Amino acid sequence: MLYKDIKVKSLDELQKLVKDFEAELWTLNFKKSVGSLDQSHKIRAIRRDIARIKTELNAREKGAK
3 MLYKDIKVKS LDELQKLVKD FEAELWTLNF KKSVGSLDQS HKIRAIRRDI ARIKTELNAR
63 EKGAK
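Under our numbering, the first residue of the sequence shown is numbered 3, with each subsequent residue one higher.
Written out as structure tokens, the structure is:
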């Protein structure tokens, strides 16, 4: 997910995305531990997406104060 796409989303949408990505990350990590994960690069991509979203959430929080 690109940062410009994140900036136009609402606060509720971003919080929902974080929850969805964290659930998907948990699933991928479980598959990795079992040994059935084919696309291991997705773990890194999802972690980065979560970080981008949380960065935007923190920036909005500090900007609102």
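For glycine and all other residues, C-beta sits at the position ideal for the given N, C-alpha and C.
In this text, all values refer to a predicted model and were calculated from it rather than measured experimentally.
Residue i versus residue j: straight-line alpha-carbon distance, rounded
{"i": "lysine 6", "j": "histidine 43", "result": "22 Å"}
{"i": "alanine 53", "j": "aspartate 40", "result": "23 Å"}
{"i": "lysine 11", "j": "asparagine 31", "result": "27 Å"}
{"i": "isoleucine 1", "j": "phenylalanine 23", "result": "Only positions 3 to 67 of the chain appear in this structure, which leaves residue 1 out of reach."}
{"i": "isoleucine 8", "j": "lysine 33", "result": "28 Å"}
{"i": "leucine 59", "j": "aspartate 51", "result": "12 Å"}
{"i": "leucine 4", "j": "valine 36", "result": "31 Å"}
Beta-carbon spacing of residue i, residue j below 8 Å
{"i": "lysine 56", "j": "valine 20", "result": "yes"}
Identity of the residue in the options nearest residue i by Cα
{"i": "alanine 25", "options": "Glu58, Ile45, Arg62", "result": "Ile45"}
With 16 other Cβ atoms within 10 Å as the buried cut-off, status of residue i
{"i": "aspartate 14", "result": "exposed"}
Exercise for the section: Would you mind listing the alpha helix (DSSP H) stretches within the segment 7-65 that are 4+ residues and don't spill past its ends, in chain order? Expected result: 13-36
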